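> A single structure is presented below for examination.
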Amino acid sequence: VQLVQSGVEVRKPGASVKVSCKVSGYTFTSYGFSWVRQAPGQGLEWMGWISAYTGDTEYSEKFQGRVTLTTDTSTSTVYMELRSLRSDDTAVYYCARDLGWGLGFDHWGQGNLVTVSS
Amino acid sequence: IVLTQSPRTLSLSPGERAILSCRANQSISISHLAWYQQNPGQSPRLLIYGDSRRATGIPDRFSGSGSGTDFTLSISRLEPEDFAVYYCQHYGTSPRYTFGQGTKLEIK
Numbered sequence: 034v035q036l037v038q039s040g041v042e043v044r045k046p047g048a049s050v051k052v053s054c055k056v057s058g059y060t061f062t063s064y065g066f067s068w069v070r071q072a073p074g075q076g077l078e079w080m081g082w083i084s085a086y087t088g089d090t091e092y093s094e095k096f097q098g099r100v101t102l103t104t105d106t107s108t109s110t111v112y113m114e115l116r117s118l119r120s121d122d123t124a125v126y127y128c129a130r131d132l133g134w135g136l137g138f139d140h141w142g143q144g145n146l147v148t149v150s151s
Numbered sequence: 003i004v005l006t007q008s009p010r011t012l013s014l015s016p017g018e019r020a021i022l023s024c025r026a027n028q029s030i031s032i033s034h035l036a037w038y039q040q041n042p043g044q045s046p047r048l049l050i051y052g053d054s055r056r057a058t059g060i061p062d063r064f065s066g067s068g069s070g071t072d073f074t075l076s077i078s079r080l081e082p083e084d085f086a087v088y089y090c091q092h093y094g095t096s097p098r099y100t101f102g103q104g105t106k107l108e109i110k
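What follows is the structure in structure tokens.
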């Protein structure tokens, strides 16, 4: 199982960013995905979840209205778009395979550093 | 659910036993609690999930326990590679997931 994320992104405040997470090594639609971010020197923050089977989503209240998770089953890729970026959105963004039902996130991407700066 | 981890930093020597705490602000099921390890510059790694089951490849010196609002990750004999940051995580509803703020396990 591998989750390979796209590279470093730099954006100005107010812009949007869309990061990708390409999955391989198992049937893509078997599990969902969560996105987690980590600001410099800080802890882990859950942003949202998407079912790769149905496309159903659930977002943290903190990001509701600003984040959109999507999947492309033809390429086994998960996407996270974050809009109206602020400087405090500067963080490493991780995708993770979500086993659901409290079974945890058993595989993680390597992370995308997103820097928001004018 | 709010998860509070303690201590924020734990200083121990290799070979010692580590006990990390994760306290919830209301009763939760241990089957919905997971623990992760994160080394500097790396992605988190799943250690414990469900009813305190070890994830694939996790050595048996790691164990999880607890009930109600108080949960513990124990590392029986610290190896050099165990010095890292540890997070607990709850699976629930609204929000679906919550992380504790982490405990840094450092070499004394």
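So the sequences go chain by chain: A and B.
So the number in my numbering is just where the residue sits in the first sequence, counting from 1, plus 33.
So the number in my numbering is just where the residue sits in the second sequence, counting from 1, plus 2.
Backbone N, C-alpha and C define an ideal beta-carbon position, used for all residues, glycine too.
These numbers were taken from a predicted model, which means no experiment stands behind them.
(1) Which residues in the same chain have their Cβ closer than 8 Å to the Cβ of H34 (chain B), if we skip the five residues on either side of it in sequence?
(2) What number of angstroms, rounded off, separates the C-alpha of R44 (chain A) from the C-alpha of L118 (chain A)?
(3) L49 (chain B) to T106 (chain A), Cα distance in whole Å?
(4) Can you give me the C-alpha to C-alpha distance between W141 (chain A) and K55 (chain A), rounded to a whole angstrom?
(5) Would you call the CB atoms of A26 (chain B) and I77 (chain B) closer than 8 Å?
(6) Are the Cβ atoms of G137 (chain A) and Y51 (chain B) separated by less than 8 Å?
(7) Tell me whether S76 (chain B) sits in a helix, a strand or coil according to DSSP, three-state version.
(8) So that I know if they touch, is there some Cβ in chain A lying closer than 8 Å to that of T105 (chain B)?
(9) Comparing C-alpha positions only, which one of A:V149, A:L77 and A:S84 sits nearest to T60 (chain A)?
(10) Counting C-beta neighbours from all protein chains within 10 Å, is the total for P46 (chain B) 16 or more, i.e. buried, or is it exposed?
To lay it out plainly:
(1) If you number the second sequence from 1, residue 34 (chain B) lands on position 32. H92, Y93 and G94, listed in sequence order.
(2) Translated into positions along the first sequence, residue 44 (chain A) becomes position 11. Translated into positions along the first sequence, residue 118 (chain A) becomes position 85. So the two alpha carbons sit approximately 8 Å from each other.
(3) For the purposes of this step, residue 49 (chain B) is identified with residue 47 of the second sequence, where counting begins at 1. For the purposes of this step, residue 106 (chain A) is identified with residue 73 of the first sequence, where counting begins at 1. Their backbone Cα atoms lie some 29 Å apart in a straight line.
(4) For the purposes of this step, residue 141 (chain A) is taken as the residue at position 108 of the first sequence. For the purposes of this step, residue 55 (chain A) is taken as the residue at position 22 of the first sequence. Whole-angstrom Cα-Cα distance: 11 Å.
(5) Taking the first residue of the second sequence as position 1, residue 26 (chain B) is located at position 24. Taking the first residue of the second sequence as position 1, residue 77 (chain B) is located at position 75. No, the Cβ-Cβ distance between A26 (chain B) and I77 (chain B) is not below 8 Å.
(6) For the purposes of this step, residue 137 (chain A) is taken as residue 104 along the first sequence, with counting starting at 1. For the purposes of this step, residue 51 (chain B) is taken as residue 49 along the second sequence, with counting starting at 1. In contact: G137 (chain A) and Y51 (chain B) (Cβ atoms closer than 8 Å).
(7) Residue 76 (chain B) sits at position 74 when you count from the first residue of the second sequence. Strand.
(8) On the second sequence, position 103 is the one that residue 105 (chain B) refers to. Not closer than 8 Å to any Cβ of chain A, the Cβ of T105 (chain B) fails to qualify, so no.
(9) Along the first sequence, read from residue 1 onward, the residue named residue 60 (chain A) stands at position 27. Checking every option, the nearest Cα to that of T60 (chain A) belongs to A:S84.
(10) Taking the first residue of the second sequence as 1, we reach residue 46 (chain B) at position 44. Buried: at least 16 other Cβ atoms inside 10 Å.
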